[in-house]
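In what follows, a structure is listed as structure tokens, so that the remarks can point back to it.
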Amino acid sequence: MANPPYLYDAQELATWYRPNVNEVREEDRDSYRRAEAALLGVVTGQLSLARAAKLHGLCRKRLRRMVAHAPGVHADGMANGFRVCVPYGTYQRMPGASGEVSVPSSGGPGSIAQLLQALPAVRDLVERFTDPLPPGRAPRAFSRLHERICAELRRLDLSDHYPLNTPDHGRRALLDYLRRDRLAAVVPGTLELEPMAVHKLEDAFRGRLFDRTEFDAHRIDVEGTLSVELPDGGVAERPITTLWLLVEVEVRSRAIVSWSLRVGRGYNNLDVATCLASGLRPWSPRELTIPDLAYAPGAGMPTGLEPALASRRSRSIALDNALAHSALELEASMCRSRGGVIIFGRAHEPRSRPIVEQLFSRLERGALRRIPGGFEPAKSLNESRRRISKVPGNEHYFNLGAFEELLDVIIANYNATPHPALGSLSPLQFLRTQPCSAFAFSPDVAEQDAADLCTVLVPLVVHGNRPQGVMPHVNYKYVKYRGPGLDGRWELIGKTVLARVNRNDLRTLTLMKSVTAPLCGVRAADPWARTAHDETTRSLIMRWIKNRDGFSVAGADCAVVAYVGFLKSRMQTSQLAVDQLARMDAATRPVSRQAVEPDCYSTAITMATDGWISLDE
Numbered sequence: 001m002a003n004p005p006y007l008y009d010a011q012e013l014a015t016w017y018r019p020n021v022n023e024v025r026e027e028d029r030d031s032y033r034r035a036e037a038a039l040l041g042v043v044t045g046q047l048s049l050a051r052a053a054k055l056h057g058l059c060r061k062r063l064r065r066m067v068a069h070a071p072g073v074h075a076d077g078m079a080n081g082f083r084v085c086v087p088y089g090t091y092q093r094m095p096g097a098s099g100e101v102s103v104p105s106s107g108g109p110g111s112i113a114q115l116l117q118a119l120p121a122v123r124d125l126v127e128r129f130t131d132p133l134p135p136g137r138a139p140r141a142f143s144r145l146h147e148r149i150c151a152e153l154r155r156l157d158l159s160d161h162y163p164l165n166t167p168d169h170g171r172r173a174l175l176d177y178l179r180r181d182r183l184a185a186v187v188p189g190t191l192e193l194e195p196m197a198v199h200k201l202e203d204a205f206r207g208r209l210f211d212r213t214e215f216d217a218h219r220i221d222v223e224g225t226l227s228v229e230l231p232d233g234g235v236a237e238r239p240i241t242t243l244w245l246l247v248e249v250e251v252r253s254r255a256i257v258s259w260s261l262r263v264g265r266g267y268n269n270l271d272v273a274t275c276l277a278s279g280l281r282p283w284s285p286r287e288l289t290i291p292d293l294a295y296a297p298g299a300g301m302p303t304g305l306e307p308a309l310a311s312r313r314s315r316s317i318a319l320d321n322a323l324a325h326s327a328l329e330l331e332a333s334m335c336r337s338r339g340g341v342i343i344f345g346r347a348h349e350p351r352s353r354p355i356v357e358q359l360f361s362r363l364e365r366g367a368l369r370r371i372p373g374g375f376e377p378a379k380s381l382n383e384s385r386r387r388i389s390k391v392p393g394n395e396h397y398f399n400l401g402a403f404e405e406l407l408d409v410i411i412a413n414y415n416a417t418p419h420p421a422l423g424s425l426s427p428l429q430f431l432r433t434q435p436c437s438a439f440a441f442s443p444d445v446a447e448q449d450a451a452d453l454c455t456v457l458v459p460l461v462v463h464g465n466r467p468q469g470v471m472p473h474v475n476y477k478y479v480k481y482r483g484p485g486l487d488g489r490w491e492l493i494g495k496t497v498l499a500r501v502n503r504n505d506l507r508t509l510t511l512m513k514s515v516t517a518p519l520c521g522v523r524a525a526d527p528w529a530r531t532a533h534d535e536t537t538r539s540l541i542m543r544w545i546k547n548r549d550g551f552s553v554a555g556a557d558c559a560v561v562a563y564v565g566f567l568k569s570r571m572q573t574s575q576l577a578v579d580q581l582a583r584m585d586a587a588t589r590p591v592s593r594q595a596v597e598p599d600c601y602s603t604a605i606t607m608a609t610d611g612w613i614s615l616d617e
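If you want it as structure tokens, here you go:
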């Protein structure tokens, strides 16, 4: 065939598939370009086949096959086109000019394909076979197909032809042909991918700013030592069990929204609520007391930005399934005050919250492990922790207030440091570049919501006995509460009322007629009404009392002061006492009198609307 049987115009050649030259291997691009030029010259009639092969340095037989295969239809429905010019390509054998193909007499390359072209009945059996063909031993369905093909060949008296004249009757060749054909086949409609439908709730809160924040708690890799003056003289030094850093981080900007520090073996849902509430209050720099400690230029928190930007809050919060995260008190306060969707992750899947996990790693490697007592935990059972800080932890005693001051500077400076995920921008700079949208979740009652986030509504029964002179009161957390609003209200005895409880200050409660209508305020009985204490502190005090370890608040002026004194006396023998004493910030600071005594007589006394006089400083 010196000349091609057909000539093609430019319009028809434009419909042929043309591979991208950049997708061809670099060492084969020159060969592809020469083959493309030769094929184009032949099919347009500009050059003869022999002239094109000699001019472009191609084999004449190869160019003839390219011309014959180019108009054929590929499995994707398009013409083979210029893809036949790709070096080392494999193509299906085509029938001759007459269209008649004979049954092969012996095995060889392409014998199965030639057999299927020669016998349409056998080809129909193979095309209707759709059972899976996994690697390894062929399934029984393939064996039945092979038996039917052999039976059809015997019926046609082709026992002396391929594949019946081979030992396995072409079984292996047929299996390889089917597997290769399925690998090369293109399923119609699978090249254009449709947008993935949202099947999980958390997938609906991804992509936009403040659509999602991630929350988690992390054990700080620092060995802390607590030093306390004992009541009988002397100083006791004991190590602290664990320091917990609770963090909420915004996903897109990588900005830390809120954080808090807790001491002890674990944390509870009140600690989580307190941390989330701090992300709603406006942030301002602290008055630093540590020498040479300073905020970096532009350091701060998202709530310290301009009012229009500081009021934004996330639409969803992703947490793990820790018990402190799934408590009913936290869920109720979240739904009532903060708003948003709570997304709980599965156990042992930190990759579902990758941003906050990576944040902890950055904070540890960049700052926290350089604190005195910093270390890198062991990565396997046969290894031990590796000390990172050059200063042992027992040379600098732990102080909760000073440590929180240091963390505030570290986190504020982190928000002002360029992040690799944001290019040359810091998290706060990225937030400033993103204007508030019309549908941004930014309520203007952040202070009120922050206070409500740490409150709960609980039903309480009003107790009392008029004949015995027991005034109406309510009990909450083992403590009696009374107030002028309950005096003389004998009709409420035995009734259930709602109480709004500020979990960070249990000195007072607010009794409610309904969810929104207040009834009166009540105050805790002595010795619980002097010092502000949260729900966790009262639970720890009552636990020591119930254990009958010789501790009691009966007759004490202040339960919290008595509790701190008891912890100091037990810290040499109890690790729980050490951790709880480190948690009490007042216990770690030295007691000092004011330089000038306040003039108590000239200070105005604040009178409450219900007639109760507050004697708190």
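Take the sequence shown: its position 222, counted from the start at 1, is 222 in full-length UniProt numbering, and no numbers get skipped. All C-beta atoms, glycine included, are put in the ideal place defined by N, C-alpha and C.
Close-in-space but distant-in-sequence residues of the same chain around residue i (CB under 8 Å, 5 per side omitted)
{"i": "Glu237", "result": "Thr225, Leu226, Ser227, Asn394 and Tyr397"}
{"i": "residue 618", "result": "Because the chain here runs from 1 to 617, residue 618 falls outside it and cannot be looked at."}
{"i": "Gly340", "result": "Arg313, Ser314, Arg315, Ser316, Ile317, Met334 and Phe441"}
{"i": "His169", "result": "His146, Cys150 and Pro163"}
{"i": "Pro307", "result": "none"}
{"i": "Leu293", "result": "Glu405, Leu406 and Val409"}
{"i": "residue 619", "result": "With the chain covering 1 to 617 only, the question about residue 619 has no answer from this structure."}
Coarse secondary structure for residue i, derived from DSSP in three states
{"i": "Lys495", "result": "coil"}
{"i": "Asp557", "result": "coil"}
{"i": "residue 667", "result": "Because residue 667 is not part of the residues shown, which for the chain are 1 to 617, the question remains open."}
{"i": "Pro518", "result": "strand"}
{"i": "Val564", "result": "helix"}
{"i": "Gly611", "result": "Bear in mind that a pLDDT of 41 at Gly611, under 50, signals an unreliable position, so the number given afterwards is only what the model happens to contain. Gly611: coil per DSSP, three-state reduction."}
{"i": "Asn399", "result": "coil"}
{"i": "Glu383", "result": "coil"}
{"i": "Thr130", "result": "coil"}
{"i": "Val73", "result": "strand"}
{"i": "Asp9", "result": "coil"}
{"i": "Gly366", "result": "helix"}
{"i": "Met94", "result": "Summary for Met94: the model assigns pLDDT 49, below 50, so the residue's position carries little reliability, and this model does not support an answer."}
{"i": "Glu349", "result": "coil"}
{"i": "Gly170", "result": "coil"}
{"i": "Asn413", "result": "helix"}
{"i": "Gly374", "result": "strand"}
{"i": "Val591", "result": "Any reading at Val591 is ruled out, since the residue's pLDDT is 36, under 50, leaving its predicted position unreliable."}
{"i": "Pro459", "result": "strand"}
{"i": "Leu576", "result": "helix"}
Boundaries of the beta strand (DSSP E) in which residue i is found, first to last residue
{"i": "Ala236", "result": "Val235 to Pro239"}
{"i": "Ser102", "result": "Element bounds for Ser102: n/a, residue is neither H nor E."}
{"i": "Gly464", "result": "His463 to Asn465"}
{"i": "Ser258", "result": "Ile256 to Val263"}
Close-in-space but distant-in-sequence residues of the same chain around residue i (CB under 7 Å, 5 per side omitted)
{"i": "Arg538", "result": "Lys477 and Leu506"}
{"i": "Pro285", "result": "Tyr295"}
{"i": "Arg148", "result": "Leu125"}
{"i": "Arg503", "result": "Leu270, Cys454, Thr455, Val456, Asp534 and Glu535"}
{"i": "Arg489", "result": "Pro472"}
Cβ neighbours of residue i in the same chain (closer than 6 Å, five flanking residues each side left out)
{"i": "Ala14", "result": "none"}
{"i": "Tyr177", "result": "Ile112"}
{"i": "Ile411", "result": "Ile256 and Trp259"}
Alpha helix (DSSP H) segment containing residue i, residue limits
{"i": "Lys477", "result": "No alpha helix (DSSP H) holds Lys477; DSSP gives it neither H nor E."}
{"i": "Ala14", "result": "Ala14 -> no alpha helix (DSSP H), and no H or E assigned at all."}
{"i": "Met512", "result": "Segment Thr508 to Met512 is the beta strand (DSSP E) holding Met512; no alpha helix (DSSP H) there."}
{"i": "Thr433", "result": "Pro427 to Thr433"}
{"i": "Cys275", "result": "Asn269 to Ser278"}
Which residues DSSP lists as bridging residue i, in chain order
{"i": "Ala318", "result": "Glu214 and Ile343"}
{"i": "Ser437", "result": "According to DSSP, Ser437 bridges with nothing at all."}
{"i": "Trp244", "result": "Arg219 and Arg262"}
{"i": "Thr225", "result": "Pro239"}
{"i": "Asn502", "result": "Thr455"}
{"i": "Glu250", "result": "Thr213"}
### Task
Tell me, please, whether the region 291-301 touches the region 352-362 by the rule of three or more beta-carbon pairs shorter than 8 Å.
Taking 8 Å as the limit for Cβ pairs, the verdict is that the region 352-362 does not touch the region 291-301.
### Message
Would the region 107-124 count as touching the region 50-62 if we require 3 or more Cβ pairs under 8 Å?
### Response
With the cut-off at 8 Å, the region 107-124 and the region 50-62 do not touch.
### Task
Say whether the region 70-87 touches the region 24-42, bearing in mind that this needs 3 or more beta-carbon pairs closer than 8 Å, one atom from each stretch.
These segments touch.
### Message
I'd like to know if the region 206-223 and the region 246-260 are in contact, where contact means that at least 3 CB-CB pairs between them fall below 8 Å.
### Response
Taking one beta carbon from each stretch, the region 206-223 and the region 246-260 have 3 or more pairs nearer than 8 Å; the two touch.
### Message
Count Cβ pairs between the region 269-282 and the region 446-458 that sit closer than 8 Å; are there 3 or more?
### Response
Contact holds: three or more Cβ-Cβ distances are below 8 Å.
#### Entry: Inter-stretch contact at 8 Å, needing at least 3 Cβ pairs: the region 264-274 / the region 407-424
Judged by Cβ distances under 8 Å, the region 264-274 makes no contact with the region 407-424, as fewer than three pairs qualify.
### Message
Could you check whether the region 341-350 touches the region 369-376, counting it as contact only if at least three pairs of C-beta atoms, one from each stretch, sit closer than 8 Å?
### Response
Note that the region 341-350 does not touch the region 369-376; fewer than 3 beta-carbon pairs, one per stretch, sit closer than 8 Å.
### Query
Given 8 Å as the limit, is there contact between the region 479-499 and the region 523-536, that is, 3 or more CB pairs closer than that?
They touch, by the three-pair rule.
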